[in-house]
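What follows is a set of notes on a single structure, which appears directly below.
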Amino acid sequence: MSRVPATDGRRSAAAARRRAREAEIVAATRELLEERGMRDAQIEDIARAVGINRAIVYRHFTGKEEIFALTLVGYLDELREELLKATDVDKTPSERLAAAVGAFVEYGVDHPAFVDCAQALMRRTGPELLDEISEGALFRLGRAITGCLNLLIGIFEDGTKSGEFAVAEPGLLANTLYATGLGALQLARVGILVTESAPGVPTVGRVSPDQVRDYLVTAALALASR
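Residue numbers (the numbering used here): 18 to 243.
What follows is the structure, encoded as structure tokens:
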């Protein structure tokens with residue numbers, strides 16, 4: 018009967034402790050983001066919340082951007098569950114698309130830190146992300162994003178097959194709606210709409226999350242139906 022080397026057991030235990038510590042740091046980051054926002058969630062604050070020093074944080078992550086990326090993974094996994102619940106397969110593609118966009122807006126309104134995290138990473142270029150975030154973390158982030166986008170892509174493909182939609186590039190449209198939706202969620206949070214009361218005379222009005230949701234639904238259906 019073969020015996021498992023003791024070193025294997027120690028390595029497994031060390032790996033488990035490492036994963037637990039990383040999860041603890043990400044959870045603390047999410048809590049700080051939701052309490053204080055992006056600018057006030059510094060490495061020192063994250064370390065203090067976990068009860069460690071910043072040097073230990075850097076043993077687990079390449080930097081703040083990587084921690085934000087993995088925090089975003091958690092939000093995206095939750096968002097995907099909300100999208101799945103909203104997009105009942107018994108609905109028509111148009112109904113499923115409207116429900117998906119509505120669920121996206123509702124989740125973003127309820128979780129403003131998700132919007133902040135996603136927008137902060139989208140402002141980085143591809144080469145910058147490759148320099149600042151490890152390959153493993155980028156893979157997890159990419160998988161979480163595509164987990165949400167693939168639901169939209171499936172709706173576009175089903176709608177195109179049935180003749181309800183005319184989407185030549187489902188992946189591009191899904192990515193466009195995601196990026197546009199993040200910007201619209203910021204508008205919903207600010208609640209301010211700038212227009213002209215007369216030529217050259219700006220005026221400020223109010224916009225509600227419901228108005229933003231309805232507009233995004235209308236825009237998504239229009240883009241899919243071209």
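Glycine included, C-beta positions come from ideal geometry on N, C-alpha and C.
* Asked: Cα separation between Gln228 and Asp127?
  -> 16 Å
- Query: Measuring CB to CB, does Arg176 end up less than 8 Å from Ser111?
  - Reply: It is Gly, not Arg, that sits at residue 176 in the sequence shown. Cβ distance < 8 Å, so Gly176 and Ser111 count as in contact.
Report task. Can you have a look at Ile209 and say buried or exposed, based on whether 16 or more other CB atoms are within 10 angstroms of its CB? Result -> exposed
Query raised in the report: My guess is that Tyr124 and Leu96 are in contact by the Cβ rule of under 8 Å, so how many angstroms apart are they, rounded?
Result: 5 Å
Helix, strand or coil at Ser214 [DSSP, three-state] = strand
Can you check whether the CB of Leu204 is closer than 8 Å to the CB of Val224?
-> yes
Requested in this report: Taking the CB atoms as reference points, tell me whether Phe85 and Ala137 lie closer together than 8 Å.
Outcome: yes
*Inspect the CB distances between the segment 145-160 and the segment 113-122 and report whether three or more fall short of 8 Å.*
no
Which same chain residues, not among the five before or five after Leu238, have their C-beta less than 7 Å away from its C-beta? Ser111, Leu114, Ala115
Exercise for review: With a threshold of 16 other CB atoms inside 10 Å of the CB of Val122, please say whether the residue is buried or exposed.
Suggested key: buried
Review point. CA-CA distance, Leu100 and Glu41?
Key: 26 Å
ask   = Cβ atoms of Ala37 and Ile63: under 8 Å apart, would you say?
value = no
Nonlocal neighbours in the same chain, by C-beta distance under 7 Å from Leu233, ignoring five residues either side
Val118, Val122, Gly198, Ala201
message = Which same chain residues end up closer than 7 Å to Gly80 when comparing Cβ atoms and leaving out the 5 residues on each side of it in sequence?
response = Glu149
Q. What number of angstroms, rounded off, separates the C-alpha of Val67 from the C-alpha of Val184?
A. 47 Å
Express the C-alpha separation of Ala236 and Arg230 in angstroms, rounding to a whole number. 10 Å
Practice item. Confirm, please, whether the CB-CB distance from Leu190 to Glu135 is below 8 Å. Key: Checking the sequence shown, residue 135 turns out to be Ala, not Glu. Their beta carbons are not under 8 Å apart, which means Ala135 does not touch Leu190 by this criterion.
Length of the line joining the Cα atoms of Pro129 and Arg53: 11 Å
Point to revise | N- and C-terminal bounds of the alpha helix (DSSP H) containing Asn70 | key: Segment: none, Asn70 is in no alpha helix (DSSP H) and carries neither H nor E.
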